[in-house]
Amino acid sequence: MGEFFKQSGFGEAAKESSQKTSKIYQGQTVYKASSDVSENIRKGDQFYLDGEHKNHLEVFDKRNKFIHVLNLDGSINIDKTKKASAEGRTLPK
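Throughout the sequence shown, residue numbering follows this note's numbering, covering 339 to 431 in sequence.
Printed below as a string of structure tokens:
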């Protein structure tokens, strides 16, 4: 996640507008947006960097329900979003 946060633009915005939580999902630390990061990560949303590929973020709402998958530039990855949604992915409480 450190490398992502160092990226100018979306990565820096995500770092400035989020805080680390005590949650770990698939070996990755979950972060919570303390303010709107972008139109795709709103205040209260939770997200983590995919541990296997490290090339996208998975975003969940404050109730741990899946919202979408974002590329590292902040754009929605439609194919991965459809796949994760079909799996009914959620964050543990």
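We put the beta carbon where it would ideally sit given N, CA and C, even for glycine.
Looking only at its own chain, which residues have a Cβ that is under 7 Å from the Cβ of Leu387, when we skip the five neighbours before and after it?
Result list for Leu387: Met339, Phe342, Gln366, Leu395, in chain order.
Sorted by chain position, which residues of the same chain lie with C-beta nearer than 7 Å to Ala371's C-beta, five sequence neighbours on each side aside?
Only Ser355, Ser356, Ile379, Arg380, Lys381, Gly382, Asp383 meet the Cβ criterion.
By Cβ distance below 7 Å, which residues in the same chain neighbour Val375 in space, the five residues on each side in sequence not counted?
If we look at Val375 and ignore the five residues flanking it on each side, its Cβ neighbours are Ala351, Ala352, Ser355, Ser356.
Alpha carbon to alpha carbon, what distance is there between Asp411 and Phe404?
Roughly 19 Å separates the two Cα atoms.
Of all the options Gly347, Gly389, Gln345, Arg401, which has the alpha carbon lying nearest to the alpha carbon of Ile362?
Checked all of Gly347, Gly389, Gln345, Arg401; the closest Cα to Ile362 is Gly389.
For Lys418 and Phe398, I'd like the C-alpha separation in whole angstroms.
So the alpha carbons of these two residues sit roughly 14 Å apart.
Taking the straight line between their C-alpha atoms, what separation do you get for Lys349 and Leu408?
Note that residue 349 is Gly in the sequence shown here, rather than Lys. Cα-Cα distance, rounded: 12 Å.
What would DSSP say about Lys418, mapped onto helix, strand or coil?
Of the three classes helix, strand and coil, the one that applies to Lys418 here is helix, per DSSP.
Return the first residue and the last residue of the alpha helix (DSSP H) that Glu350 is part of.
Taken as a continuous stretch (DSSP letters only), the alpha helix (DSSP H) holding Glu350 covers 348–354.
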